[in-house]
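When the letters of the sequence shown are read in order and numbered with our numbering, they come out as residues 1383 to 1493.
One structure below.
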Amino acid sequence: MLKNKIVLILILLFITSGCSDTFSYEGKIMDIDASLLSGMKSVSSITLEDNDGKRKVFEIKSGSFLEDINIAFTYSHVKSHMEDGEEVYIKYSEINNKNIIIDFKFLGHNH
């Protein structure tokens, strides 16, 4: 009976250790890097600065585009929010020492 409990606990620990954690970050867009997507610029990385002045770089998953999260997140749209100094929310995972964007939202309006 005790042996079965130990095996079950070890299995649960193994399963949960394989899951990647997600984190969130809010701040103003300070810089945008772009790549070409069908001849148009697409966001490839975003640098945010939080209220304490700390900057963090977030990247788009290799082979993906920010437009995959929301079609409205074109380079020009994101750049206009950067120029207006609006804050954004990013949900991300740390993969191979990179902050990979999972979700991206503009704070203060609905898209």
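Note that CB positions come from ideal geometry on N, CA and C, so glycine has one too.
Keep in mind the model is a prediction, meaning the values are calculated, not measured.
When the options are compared against residue i, the one with the closest alpha-carbon
i            : options                : result
residue 1439 : 1448, 1414, 1490, 1451 : 1414
residue 1417 : 1470, 1457, 1431       : 1457
residue 1445 : 1481, 1462, 1426       : 1426
residue 1464 : 1437, 1476, 1428       : 1428
residue 1422 : 1432, 1478, 1459       : 1459
residue 1452 : 1424, 1435, 1404       : 1424
For residue i, the first and last residue of its enclosing beta strand (DSSP E)
i            : result
residue 1498 : Residue 1498 lies beyond the stretch modelled for the chain, which goes from 1383 to 1493, so this question has no answer here.
residue 1476 : 1469 to 1477
Cβ distance (whole Å) where residue i is taken to contact residue j below 8 Å
i            : j            : result
residue 1488 : residue 1472 : No, residue 1488 and residue 1472 are not in contact; Cβ-Cβ is about 11 Å, not under 8 Å.
residue 1442 : residue 1483 : 6 Å
residue 1408 : residue 1476 : Not confirmed; about 17 Å, so no contact.
residue 1430 : residue 1437 : 7 Å
Residue i Cβ short of 8 Å to the ligand COA heavy atom set
i            : result
residue 1460 : You won't find the ligand COA in this model; it holds no ligand whatsoever.
Exercise for review: Let me know the beta strand (DSSP E) ranges lying completely inside the segment 1394 to 1465, each 3 residues or longer, listed in chain order.
Suggested key: For the segment 1394 to 1465, whole beta strand (DSSP E) runs of length 3 or above, ordered along the chain, are 1404 to 1419, 1422 to 1431, 1437 to 1441.
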